[in-house]
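Colleague: In this note's numbering, the protein residues as written are 3 to 364. Using N, Cα and C, we set each Cβ at its ideal position, and we do this for glycine too. Please see the structure below; I have some questions.
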Amino acid sequence: MRIVIFFFVHLLLLNFNNRLLAENLYLDSPGNTGTLRFEIDNDTIWNKDNNFTNGWSLQYHTVRSANWEESKNSGFIKWVGENFPTLDNDGFIVRNCHGIGQNMITPGDLNAETHQEGDLPYAGTLTYTLNWQSFNRKMARNLQVSVGLLGQVSFAEQFQKFVHNDLGKGDDPQGWDNQRDTEPIINVGYEHPWRLAYLGNYTNDWAGQISLIPSVSFGNLFTAAEAGLALRFGWNMLEGFNTYPAPPGRGFFQASHLPKPSSASPHSFEIVLGARGCALGYSVIYDGSIITDDDRNVDRNTFIFARGIGAFYHYYKLFSIRFTFQKSTDFLDEDSIPDPESGEDKTNADVSYGSLIIDLYF
């Protein structure tokens, strides 16, 4: 009888401790701060300078709150957070993000002044992104809306010419007069990561985590379904979900991780291995416009797969820095890409790039 009583008491205490752990999301920790993030994604690391060649974004992620009502947000942001399904569940903390960003896409032959049939046209986008994040240590929900412009008003031409010509970092791009026609951009996406398994202790110890990251996106910039798998391993690492490269309007701006408790060391290091599959339904960049008369398209695959590796360092009192390298399978049909007329490189069929992300906490 004593053994039975001891067993049930042990189960009750274990369940009570687990509930306390689940409820302690460290909102009162000094680590619960806002985050200013700068991200740049560029293909130079793979000795390329075409297809998706550059993207950058500047993001602000708010302080985490227990719910949308307590958050210091406008009425519209609170209303969406409270009324959109899955964003206002008990046991989750919330934050939102505002971000601006630019994407740049070019053909391989930067010396050609005219567009070659079957090749990628020059294109640039400039977007504003607003998102809602609801998360705990086991799962996250991220609703995102991006609006902006494609075409000359994206200032992608001026940005590339400044980097290539004024800073001397590349060939003078000659074909921007033939870039994609101007049109509005709108994209809506939903991401639902969850933790599949973990080992160790996230605070002042070694830990590992496996996460599944499915998402869907709808819009003229990017209509697709994606699924990613991430393996994280490190010391004193973030609890929740880490940050991965997010080209503006295509990727998800998110910082869905818990504040570190006050007892945690300010230092942390992580290694991340990831793989992602994407089924692309439509993109104005590759398939031509459904709004304007710009119907130039390229032969491409529906499915693309990518794998990546990242190294992250966190100094929780001030900043985090993340380096990630992503290599993809061929997205364009290489046999359909025309040979350049001027002897320059042919447009790359894959969409591979490296990423640098810097977070400042305040």
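Determine the direct distance from the alpha carbon of L240 to that of F364, and round the result to whole angstroms.
Modeller: In a straight line, the C-alpha of F364 is about 17 Å away from that of L240.
Colleague: Can you give me the start and stop residues for the alpha helix (DSSP H) that N85 sits inside?
Modeller: Here the alpha helix (DSSP H) through N85 covers 77-85.
Colleague: Roughly how far, in whole angstroms, is the beta-carbon of F254 from the beta-carbon of Q328, given that I think they are within contact range, below 8 Å?
Modeller: Between Q328 and F254 the Cβ distance is about 15 Å, and since that is not below 8 Å, they are no contact.
Colleague: On the CB-based measure, 16 or more other CB atoms within 10 Å of its CB, does L201 come out buried or exposed?
Modeller: Result: exposed.
Colleague: Apply the 10 Å Cβ neighbour rule to D352 and answer buried if 16 or more other Cβ atoms are within range, or exposed otherwise.
Modeller: Burial call: buried.
Colleague: Return the chain-ordered list of same chain residues with a C-beta closer than 8 Å to the C-beta of C280, the five sequence neighbours on each side being excluded.
Modeller: Contacts found: A226, A227, E228, F305, I306, F307, A308.
Colleague: Indicate the three-state DSSP secondary structure (helix, strand or coil) for D337 in the structure shown.
Modeller: The answer is helix: DSSP assigns D337 an H, G or I state.
Colleague: So the alpha helix (DSSP H) Y288 belongs to, where does it begin and stop?
Modeller: Taken as a continuous stretch (DSSP letters only), the alpha helix (DSSP H) holding Y288 covers 286-289.
Colleague: Could you name the residues of the same chain whose beta carbon sits closer than 6 Å to that of P340, not counting the 5 residues immediately before and after it, in chain order?
Modeller: Closer than 6 Å at Cβ, skipping near neighbours: Q118, G120, D121.
Colleague: Just the C-alpha distance for A313 and I79, rounded to the nearest angstrom, thanks.
Modeller: When rounded, the distance between both Cα atoms is 33 Å.
Colleague: If you run the structure through DSSP and keep just helix, strand and coil, what is T46?
Modeller: Helix at T46.
Colleague: With burial defined as no fewer than 16 other Cβ atoms inside 10 Å of the residue's Cβ, what is the status of F40: buried or exposed?
Modeller: Per the 10 Å Cβ criterion, exposed.
Colleague: Is it buried or exposed for D30, if we count other Cβ within 10 angstroms and need 16 for buried?
Modeller: Counting Cβ neighbours within 10 Å, D30 comes out exposed, since fewer than 16 surround it.
Colleague: Round the Cβ separation of D296 and R182 to the nearest angstrom and send it over; I've been treating them as touching at under 8 Å.
Modeller: Correct: roughly 6 Å between the Cβ atoms.
Colleague: What are the boundary residues of the alpha helix (DSSP H) that K163 is part of?
Modeller: It spans 158-163 - the alpha helix (DSSP H) in which K163 sits, taken as one unbroken run.
Colleague: Assign D207 to buried or exposed, taking buried as 16 or more other Cβ atoms, counted over all protein chains shown, within 10 Å of its Cβ.
Modeller: Exposed is the call here.
Colleague: My output table needs one value for Q176: the three-state DSSP class, helix, strand or coil.
Modeller: Q176: coil per DSSP, three-state reduction.
Colleague: Identify every residue that forms a DSSP beta bridge with M239.
Modeller: Its beta-bridge partners do not exist; DSSP assigns none.
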